[in-house]
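Enquirer: Please read through the structure below; I'll follow up with questions.
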Amino acid sequence: MKITVFGSGYVGLVSSACLSQAGHEVLCIDIDQARVADLSRGINPIYEPGLDELLKSGLADGSLKFTHHTQDAVEHGEVLFIAVGTPPDEDGSADVRHVINVARSIGRHLRKDSIIVNKSTVPVGTAEQVQSAICEELAFRDIRLEFDVVSNPEFLKEGAAIEDFMKPDRIVIGTHKESSAELMRRLYSAFNRNHDRVMVMATRSAELTKYAANAMLATKISFMNEMANIAERVGADIEQVRQGIGSDPRIGYHFIYPGCGYGGSCFPKDVKALAATAQQYGQSSSLLNAVETINQNQKQWMFQRLNEHFSGELAGKTIALWGLAFKPRTDDMREAPALDLMSALFEAGARVQAYDPQAMDECQRIWGERDDLLLSGTKEMALKNADALVICTEWKNFWSPNFSQLKNLLNDALIIDGRNLYDPGAMAEEGFHYYSVGRPS
Ligand code: UGA
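Numbering (this note's numbering), first residue to last: 3 to 443.
Right, here's the structure in full:
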């Protein structure tokens with residue numbers, strides 16, 4: 003099939019690369035000309051395992067192309083995907099301006115019956131707005147065409163996006179038209195083998211499914227962080243509690259790891275956006291608001307432990323920081339707990355020596371050159387003469403460090419572990435002051 007994808011950001015690029023791999027002819031359009039030029043030469047702006055290879059192979063066999071010409075893009079596809087950003091507005095609601103702009107450009111150039119598929123995460127009712135925007139443009143040109151707007155949210159995890167696309171848990175298709183559902187089934191047939199993962203539902207249900215999934219996952223994390231804080235107070239060990247509750251299949255072991263709070267471009271934004279939608283429809287969501295507040299507080303956990311340990315005397319201290327990305331296998335620092343920690347430390351007059359296996363360039367881009375930040379080439383270099391080590395991301399190579407070397411490099415044998423990587427008993431034997439989330443220290 004001939005497919006056009008609007009947007010070469012994270013979702014647009016991964017979708018384009020995977021769809022081209024499945025034998026479709028994909029044209030991906032972006033208004034950023036420099037980005038289009040890079041992508042056309044195989045230069046990938048995103049760190050995502052497996053994406054480089056797919057990009058190169060799609061370019062090599064001609065199944066994947068990039069452009070910044072709207073008319074070419076609209077003419078190319080029988081299915082037109084919208085995969086542009088929906089950044090948060092001031093009140094937390096999702097700003098759908100870019101989505102509607104794309105809809106308008108589609109309406110201005112459309113010449114044949116088509117299916118427009120919305121992949122961006124958008125508030126309930128956006129498919130109808132896209133429909134109206136296209137209708138208006140067509141009416142302006144005095145043209146009559148058959149088109150349908152389908153909602154097809156993505157459920158990709160950063161760091162595992164290619165696998166999630168190739169082997170999806172579900173393919174949600176929101177449409178009221180049988181013929182659109184059939185066409186979408188054909189489009190996804192390469193990713194829907196062995197058992198049927200396609201779920202056809204009403205457009206508004208599909209739009210809400212995306213938010214409900216992320217809100218549910220974020221709720222699990224905030225719930226566990228709340229339990230961890232209770233465990234700390236009452237002298238229980240949250241890791242034992244986690245296993246104790248996870249063994250109940252109704253609860254399950256997945257996604258109940260306590261930590262220093264969730265980050266990324268999705269959970270914080272989507273929880274707030276869903277709360278804002280609920281509010282717009284006259285329903286205040288105290289649960290979603292609590293999930294968000296608990297997470298904000300949890301991101302302060304590391305700074306609070308440091309501050310208490312040093313009795314508020316953080317000025318002039320040097321803090322080693324392992325892990326900057328919001329989670330392993332990505333270089334993405336959006337809403338990362340490490341950012342909150344760094345801001346608080348800088349404000350308190352402390353220095354930071356930071357290391358991350360992938361996010362060093364991103365960290366440099368965010369903070370620039372400053373006297374109180376040293377970007378260290380290795381995790382060991384970050385420790386040199388530091389007064390404490392703080393762990394913000396559970397990268398694999400932080401799990402089994404050489405503890406005696408670690409102790410020698412640090413000024414003070416102090417570890418604040420935001421991801422519960424080590425055993426508190428073993429750490430005490432090694433002679434560390436060790437603070438972890440929801441466990442006795
Ligand atoms: C999330 C969802 O998992 C995807 O299904 C969804 O498609 C995506 O958002 C999106 O809306 O585009 P992602 O943001 O890549 O994916 O990250 P996750 O792997 O879900 O992790 C989010 C945060 O939760 C991380 O900061 C992680 O450290 C934290 N987390 C996760 C915990 O603190 N505890 C856990 O048990 C699990």
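From the three backbone atoms N, C-alpha and C, an ideal C-beta is built for every residue, glycine too.
For L411, which residues of its own chain have a beta-carbon under 7 Å away from its beta-carbon, when the five flanking residues on both sides are left out?
Expert: Here the set comprises E382, L385 and K386.
Enquirer: Buried or exposed: which applies to A204, given that a residue is buried once 16 or more other Cβ atoms fall within 10 Å of its Cβ?
Expert: It is exposed - the Cβ of A204 has fewer than 16 other Cβ atoms within 10 Å.
Enquirer: Quick check on F142: buried or exposed, where buried means 16 or more other Cβ atoms within 10 Å of its Cβ?
Expert: When all chains shown are included, F142 counts as exposed.
Enquirer: So the candidates are Q133, A163, Q35 and L53; which of them puts its Cα closest to the Cα of D150?
Expert: For D150, the nearest C-alpha among the options comes from Q133.
Enquirer: Tell me whether T295 counts as near the ligand UGA, meaning its Cβ is closer than 7 Å to at least one heavy atom of that ligand.
Expert: Because no heavy atom of the ligand UGA lies under 7 Å away, the Cβ of T295 does not count as near it: no.
Enquirer: So is V236 buried or exposed if we call it buried at 16+ other beta carbons inside 10 Å?
Expert: V236 is exposed by the Cβ-count criterion.
Enquirer: Name the residue from A317, G60, G52 and C394 whose alpha carbon lies nearest to the alpha carbon of E27.
Expert: Here the closest residue by C-alpha is G60.
Enquirer: Let me make sure I understand the geometry here. Which of D363, D419, M201 and G351 has the alpha-carbon closest to that of W303?
Expert: Checking every option, the nearest Cα to that of W303 belongs to D419.
Enquirer: Grab me the residues of K67's own chain with a C-beta within less than 6 Å of its C-beta, minus the 5 sequence neighbours each way, in chain order.
Expert: Around K67: L29.
Enquirer: Taking the alpha-carbon positions, what's the E77 to R113 distance?
Expert: In a straight line, the C-alpha of E77 is about 7 Å away from that of R113.
Enquirer: Is any non-hydrogen atom of the ligand UGA found closer than 7 Å to the C-beta of I258, if you look at the structure I gave you?
Expert: Result yes, Cβ under 7 Å from the ligand UGA.
Enquirer: Go through its chain and collect everything with a Cβ distance to I108's Cβ below 7 Å, but skip five positions before and after it.
Expert: Hits under 7 Å: V76, L82, I118 and I136.
Enquirer: Could you give the DSSP three-state label for G318: helix, strand or coil?
Expert: DSSP places G318 in coil when its eight states are reduced to three.
Enquirer: Under 8 Å between C-beta atoms, does A62 make it to chain C?
Expert: In the displayed structure, chain C is absent; only one protein chain is listed.
Enquirer: Mind reading off the beta-carbon distance from A96 to V124? Whole number of angstroms is fine, and I expect it under 8 Å.
Expert: About 6 Å; that satisfies the 8 Å criterion.
Enquirer: Flag D272 as yes when its Cβ comes closer than 7 Å to any non-hydrogen atom of the ligand UGA, and as no otherwise.
Expert: At least one heavy atom of the ligand UGA is nearer than 7 Å to the Cβ of D272, so yes.
Enquirer: Once you ignore the five residues that flank A346 on each side, which residues in its own chain have a CB closer than 8 Å to its CB?
Expert: Q302 and F305, listed in sequence order.
Enquirer: Quick check on this structure: which residue in M3, G25 and D32 has the alpha carbon closest to the alpha carbon of S10?
Expert: Closest option to S10, Cα to Cα, is D32.
Enquirer: Whose C-beta lies closer than 6 Å to the C-beta of D166 among residues of the same chain, with five residues either side of it excluded?
Expert: L158 and K159.
Enquirer: Taking 7 Å as the cut-off, is the beta-carbon of I173 closer than that to any non-hydrogen atom of the ligand UGA?
Expert: Result no, Cβ not under 7 Å from the ligand UGA.
Enquirer: DSSP puts K67 in a beta bridge; with which residues?
Expert: DSSP, once it has assigned bridges, lists L29 as partnering K67.
Enquirer: Counting C-beta neighbours from all protein chains within 10 Å, is the total for Q407 16 or more, i.e. buried, or is it exposed?
Expert: It counts as exposed.
Enquirer: Can you tell me whether D496 is helix, strand or coil according to DSSP?
Expert: Any answer about residue 496 is impossible in this case: the structure gives the chain only from 3 up to 443.
Enquirer: Along the chain, which unbroken stretches of the alpha helix (DSSP H) at least 4 residues long are found entirely within the stretch 79-144?
Expert: Entirely contained in the stretch 79-144, the alpha helix (DSSP H) runs reaching 4 residues are, in chain order, 99-111 and 128-142.
Enquirer: What distance in whole Å lies between the Cβ atoms of E80 and S116, which are believed to be in contact at a cut-off of 8 Å?
Expert: With a Cβ gap of about 6 Å, S116 and E80 count as contacting.
Enquirer: With burial defined as no fewer than 16 other Cβ atoms inside 10 Å of the residue's Cβ, what is the status of E431: buried or exposed?
Expert: Classification for E431: exposed.
Enquirer: According to DSSP, is D150 part of a helix, a strand, or is it coil?
Expert: Three-state result, D150: strand.
Enquirer: To the nearest angstrom, how far is it from the Cα of I223 to the Cα of V392?
Expert: Approximately 20 Å between the Cα atoms of the pair.
Enquirer: Does the ligand UGA have a heavy atom nearer than 7 Å to the CB of T69?
Expert: Checking the Cβ of T69 against the ligand UGA gives no.
Enquirer: Hey, is the stretch 253-269 in contact with the stretch 187-198, meaning 3+ C-beta pairs nearer than 8 Å?
Expert: Flag = no, the stretch 253-269 and the stretch 187-198 do not touch.
Enquirer: Any idea what DSSP makes of R307, helix, strand or coil?
Expert: Helix, per DSSP.
Enquirer: Using only alpha-carbon positions, find the residue among F400, S249, R331 and V98 that is nearest to Y424.
Expert: Minimum Cα distance to Y424 is reached at F400.
Enquirer: Any idea if M201 is buried or exposed, counting beta-carbon neighbours within 10 angstroms, 16 or more meaning buried?
Expert: Exposed, because fewer than 16 other Cβ atoms sit within 10 Å of the Cβ of M201.
Enquirer: Output needed for C394: all residues of its chain with C-beta closer than 8 Å, excluding positions within five of it in sequence on either side, in chain order.
Expert: Excluding residues within five positions, the ones whose Cβ falls inside 8 Å are C262, M304, L323, W324, G325, L326, A338, P339, A340, L343, G420 and R421.
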